[in-house]
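Engineer:
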Amino acid sequence: MQRTVGIQSVSDNRIDINAKIAFTDFDIDISESFPLDGCTAIFGPSGAGKSTLIRLIAGLSRPDKGRIVWRDDIWCDTQTNIFIPPHQRGAGVVFQDGRLFPHLSVEKNLHYADKRSAGDASQIRFDNVVSAFDLSSLLSRDPRALSGGERQRVAIARTLLSRPKLLLLDEPLSALDRNRKAEILPYLDDISERFDLPVIYVSHNIAEITRLADRTLILRDGRARAIGATAEVLNEYGAVTESDEKFALLQGVVSAHDAAYQLTTVAIGGGEISMPMNKKQSIGDKVVIRVGARDVAISKTCPDAISIRNVLPATIAKFECGANSPFSIVTLDCSGSQISAQVTRAAINDLGLDIGQSVFALVKSASFDA
Amino acid sequence: MAPDLSALWLTFRLALIVTAILLVISTPIAWWLARTKSNAKPVLEAIVALPLVLPPTVLGFYLLLAFNPSSLIGGFWLSVTGDTLTFSFIGLVIASVIYSLPFAVQPLQSAFENVGDEILEAAASLRARAIDRFFSVAAPLSTRGFLTAGVLSFAHTLGEFGVVLMVGGNIPGETRVVSIAIYDHVETLNYAQAHALSAILLIISFSVLFSVYAANRRYPIRVG
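Taken in order, these protein sequences are the chains called A and B.
According to my numbering, the residues represented by the first sequence are 1 to 370, in order.
According to my numbering, the residues represented by the second sequence are 371 to 594, in order.
(1) In the DSSP assignment, find the beta strand (DSSP E) that holds A:His257 and state where it starts and stops.
(2) In three-state terms, what does DSSP make of A:Lys286?
(3) In angstroms, rounded to a whole number, what distance separates the CA positions of B:Thr389 and B:Gly539?
(4) Among the candidates A:Tyr201, A:Ser325, A:Ala317 and A:Gln152, whose CA atom is the shortest distance from the CA of A:Ile339?
(5) Counting Cβ pairs closer than 8 Å, one from the region 220-238 of chain A and one from the region 303-311 of chain A, do we hit at least three?
(6) Which word fits A:Ala366, buried or exposed, when buried means at least 16 other C-beta atoms lie within 10 angstroms of its C-beta?
(7) Please compile the residues from chain B whose C-beta is within a distance smaller than 8 Å of the C-beta of A:Tyr201.
(8) Does any residue of chain B have a CB that is nearer than 8 Å to the CB of A:Leu351?
(9) State yes or no: is the beta carbon of B:Val450 nearer than 8 Å to at least one beta carbon in chain A?
(10) Quick one, which of A:Asn109, A:Ala121, A:Arg71 and A:Ser255 has its alpha-carbon nearest A:Asp142's?
(11) Measuring only the C-alpha atoms, how far is A:Ser136 from A:Gly38?
(12) B:Arg497 touches chain A at which residues, Cβ-Cβ below 7 Å?
(13) Assuming B:Ala416 and B:Glu483 make a contact with CB atoms under 8 Å, what is their CB distance in whole Å?
(14) Let me make sure I understand the geometry here. Which of B:Ser466, B:Gly529, B:Ser506 and B:Gln563 has the alpha-carbon closest to that of B:Val485?
(15) Measure the CB-CB distance between B:Thr456 and B:Val547 and report whether it falls below 8 Å.
(16) Considering only C-alpha positions, which residue in the set B:Gln479, B:Phe446, B:Ala525 and B:Leu559 is nearest to B:Tyr469?
(17) For a contact meaning CB atoms closer than 7 Å, what does B:Val507 contact in chain A?
(18) Given a limit of 7 Å on CB to CB distance, which residues of the region 48-63 of chain A reach chain B?
(19) Going by C-alpha distance, which of A:Gln357, A:Thr331 and A:Val94 is nearest A:Gly292?
(20) Check the Cβ of B:Ala492 against every Cβ in chain A and list those closer than 7 Å, keeping chain order.
(21) Counting beta carbon pairs with one atom in the region 85-95 of chain A and one in the region 491-504 of chain B, are three or more of them shorter than 8 Å?
(22) Of all the alpha helix (DSSP H) runs that stay within the bounds of the region 178-210 of chain A, which reach a length of 4 or more residues?
(23) Any contact between the region 20-32 of chain A and the region 196-212 of chain A? By contact I mean 3 or more CB pairs, one from each, below 8 Å.
(24) Are A:Ile17 and A:Ile68 closer than 8 Å when you measure CB to CB?
(25) Taking Cβ-Cβ distances below 7 Å as the criterion, which residues of the region 465-495 of chain B are in contact with chain A?
(26) With DSSP run on the structure shown, which of helix, strand or coil describes B:Asn560?
(27) Over what stretch of residues does the beta strand (DSSP E) that includes A:Asp29 continue unbroken?
(28) Any contact between the region 62-80 of chain A and the region 185-194 of chain A? By contact I mean 3 or more CB pairs, one from each, below 8 Å.
(29) Could you say which of A:Leu219, A:Leu161 and A:Leu351 lies nearest to A:Ala47 if we only look at CA atoms?
(30) What's the C-alpha gap between B:Ser480 and A:Ser325?
(31) For B:Val450, is the classification buried or exposed, using 16 other Cβ atoms within 10 angstroms of its Cβ as the cut-off for buried?
(32) What does A:Arg71 reach in chain B if we use C-beta pairs closer than 8 Å?
(33) Could you tell me which whole beta strand (DSSP E) segments of length 3 or greater appear in the region 302-343 of chain A?
(34) Does chain B have any CB closer than 8 Å to the CB of A:Gly92?
(35) Taking only the alpha-carbon atoms, compute the straight-line gap between A:Thr315 and A:Ser335 and give it to the nearest angstrom.
(36) Establish whether the CB of B:Pro421 and some CB of chain A are separated by less than 8 Å.
Now the structure itself:
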């Protein structure tokens, strides 16, 4: 059903969710207990129930049946009729559309949260939040006149000023275009450490999650599929995206730029991959690159006269094939990193490929996942 | 002219008091109607809207029966205050509140519906409890609804005739409002007086409405 990978609990920040809720077109049935330290992502395609899960935790929706426990506080238990309303939970939500109060200036939006949580023992201070999100020049503005990126910065700052015990970010960047996203992401880096509170980050964007989340819960069709360290879980379970295209995510370090040929070299595990140059990355940057299974071929010998630049020694780790598909997905182990290759079943048969065999992975193209 | 002045004063006093009462009692009714998912909603909505379709005389007739000292309500009132509800200013206020109820509830309800759950959820997650959410978010976002409700209630009470005639009669200084006075003047063919009173009512009503709408235009309410 689902697997738990590499979680060690060291703190009391733990949430127990046991909830069923049925809608006309889909239902949610989650039974999961996990530590909430640092940033935990909830990942899944649209319609997987990510927002509903956030709403259940925040108390904005009630489960038909179930129990939600945060630390030692029972937030909801349908059996004993316990339901703590959202304003008493201290779970601050940042919504996709910001939901700033249109009748209040930016500053008053921030004060709204600030004065309602002023008595809380928390390190969060108005001035610190304003400077952390570069809001001093926006304070007098009408929230309806803000750009999408500015609006989300204010929304995140406002929620932080409510001094939540738990910060829930519900696809805070999904309404923004690519450039705006890139503007906001730095504000979210290490947000959990900087403000000393656990964060749940909902997204269907792998790049955001890889960048921000220590731990990821994969949600699909209203069911939790896996939870564990982000990179491992995404490789194992996150690979089938909405487009159903299998790919691998490799963590690497930018090692060289070749301006003449417009290529960037990224060192991964035991090998190197060269890819179209991206000036945004500087040498030494940690990056995540995405290699689609369709862009990987397998060779038994090291080819020498071939246009493909990236030839990585690998070992065959696994075969997966659908009975009615001509293709098989072959998982290759390249000194620690896993790559998937989509090849025909006929080719596997002709080449006599088998698990444990040493081969060469030919990577035709790769892209930066950002 | 003196009795006419007293009719004018009585009418405005009635309209102001009724408007104030209506804004207070319509707010919770409209809020409930705007937020509830209960099956009882259409029942209450129909009751609130009844004065819109019933002839004022029908409403007045039932109110007359209810206010009668031999009825439950009328008798109770008499035993508590020593006064009858029928043919009294208080009776007029109660009747007008019921008669103008839809004019206050409906604009408020639609304003509250426009506030939307989303913004209230945001307020809740920022630790605002329900009553706080209403006063800090919903009410300021519904200013236009309050304005419309107030103006309509006032104007509607100002022009009321049939219900007043049924429950209030024509007692100078107590229940003789402008519309009744004008009717009286016309009945007795005293057109000059009728003209004067009608013109005053027209000018004052227009001035009130105009200043409200002009203020609304100059200081647009920050909504949506």
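Every residue gets a Cβ at the ideal spot worked out from N, C-alpha and C, and that includes glycine.
Structural biologist: Let me lay it out:
(1) In the first sequence, counting from the first residue as 1, residue 257 of chain A sits at position 257. First-last of the beta strand (DSSP E) with A:His257: Phe247 to Asp258.
(2) Position 286 of the first sequence, counting from 1, holds the residue named residue 286 of chain A. If DSSP states are grouped into helix, strand and coil, A:Lys286 belongs with the strands.
(3) On the second sequence, residue 389 of chain B is found 19 positions in, with the first residue counted as 1. On the second sequence, residue 539 of chain B is found 169 positions in, with the first residue counted as 1. Whole-angstrom Cα-Cα distance: 21 Å.
(4) Taking the first sequence and counting its residues from 1, the one referred to as residue 339 of chain A is at position 339. Out of A:Tyr201, A:Ser325, A:Ala317 and A:Gln152, A:Ala317 has the C-alpha closest to the C-alpha of A:Ile339.
(5) no
(6) Taking the first sequence and counting its residues from 1, one reaches residue 366 of chain A at position 366. It counts as buried.
(7) Position 201 of the first sequence, counting from 1, holds the residue named residue 201 of chain A. Under the 8 Å cutoff, chain B gives no residues; its nearest Cβ is about 16 Å from A:Tyr201.
(8) Your numbering for residue 351 of chain A matches position 351 in the first sequence. A:Leu351 does not count as touching chain B.
(9) For the purposes of this step, residue 450 of chain B is identified with residue 80 of the second sequence, where counting begins at 1. Not closer than 8 Å to any Cβ of chain A, the Cβ of B:Val450 fails to qualify, so no.
(10) On the first sequence, position 142 is the one that residue 142 of chain A refers to. The candidate whose alpha carbon is nearest that of A:Asp142 is A:Asn109.
(11) Here residue 136 of chain A refers to the residue found at position 136 when the first sequence is read from its first residue. Here residue 38 of chain A refers to the residue found at position 38 when the first sequence is read from its first residue. If you take the alpha carbons of A:Ser136 and A:Gly38, they lie about 27 Å apart.
(12) Here residue 497 of chain B refers to the residue found at position 127 of the second sequence. Simply His87, Arg116, Ser117 and Ser162.
(13) For this step, residue 416 of chain B is matched to residue 46 along the second sequence. For this step, residue 483 of chain B is matched to residue 113 along the second sequence. Wrong, their Cβ atoms sit about 17 Å apart, outside the cutoff.
(14) Counting from one through the second sequence, the residue named residue 485 of chain B turns up at place 115. Of the candidates B:Ser466, B:Gly529, B:Ser506 and B:Gln563, the one whose C-alpha sits nearest the C-alpha of B:Val485 is B:Ser506.
(15) Residue numbering aside, residue 456 of chain B sits at position 86 when the second sequence is read from its first letter. Residue numbering aside, residue 547 of chain B sits at position 177 when the second sequence is read from its first letter. No, they are not a contact pair.
(16) Against the second sequence, residue 469 of chain B aligns to sequence position 99. The residue with the shortest Cα to Cα distance from B:Tyr469 is B:Ala525.
(17) Reading the second sequence from its first residue, position 137 is the one you call residue 507 of chain B. Within chain A, the residues near B:Val507 are Phe101.
(18) Ala58 and Leu60
(19) Here the question's residue 292 of chain A lines up with position 292 in the first sequence. Per the Cα distances, A:Thr331.
(20) Residue mapping note: residue 492 of chain B aligns to position 122 of the second sequence, counting from 1. Within chain A, the residues near B:Ala492 are Phe95 and Arg99.
(21) yes
(22) 178-188 and 191-195
(23) no
(24) For this step, residue 17 of chain A is matched to residue 17 along the first sequence. For this step, residue 68 of chain A is matched to residue 68 along the first sequence. In contact: A:Ile17 and A:Ile68 (Cβ atoms closer than 8 Å).
(25) Glu488, Ile489, Glu491, Ala492, Ala494 and Ser495
(26) The residue you call residue 560 of chain B lines up with position 190 of the second sequence. Note: B:Asn560 maps to coil in three-state DSSP.
(27) Sequence index remark: in the first sequence, residue 29 of chain A carries index 29 (1-based). Element bounds for A:Asp29: Asp27 to Pro35.
(28) no
(29) Here the question's residue 47 of chain A lines up with position 47 in the first sequence. Before going on, a small fix: residue 47 of chain A reads as Gly here, not Ala. Comparing Cα-Cα distances from A:Gly47 to each of A:Leu219, A:Leu161 and A:Leu351, the minimum goes to A:Leu219.
(30) As a first step, residue 480 of chain B must be located in the second sequence, where it is residue number 110. As a first step, residue 325 of chain A must be located in the first sequence, where it is residue number 325. The straight-line gap from Cα to Cα measures roughly 56 Å.
(31) Along the second sequence, read from residue 1 onward, the residue named residue 450 of chain B stands at position 80. Under this definition B:Val450 is an exposed residue.
(32) As a working mapping, residue 71 of chain A is identified with position 71 in the first sequence. Per Cβ cutoff of 8 Å: no residues; A:Arg71 is ~18 Å from chain B at best.
(33) 310-321 and 327-334
(34) Residue mapping note: residue 92 of chain A aligns to position 92 of the first sequence, counting from 1. Yes, because at least one Cβ of chain B sits closer than 8 Å to the Cβ of A:Gly92.
(35) Here residue 315 of chain A refers to the residue found at position 315 when the first sequence is read from its first residue. Here residue 335 of chain A refers to the residue found at position 335 when the first sequence is read from its first residue. Cα to Cα, the separation comes out at about 8 Å.
(36) Locating residue 421 of chain B in the second sequence gives position 51, counting from the first residue. Output row for B:Pro421: interface = no.
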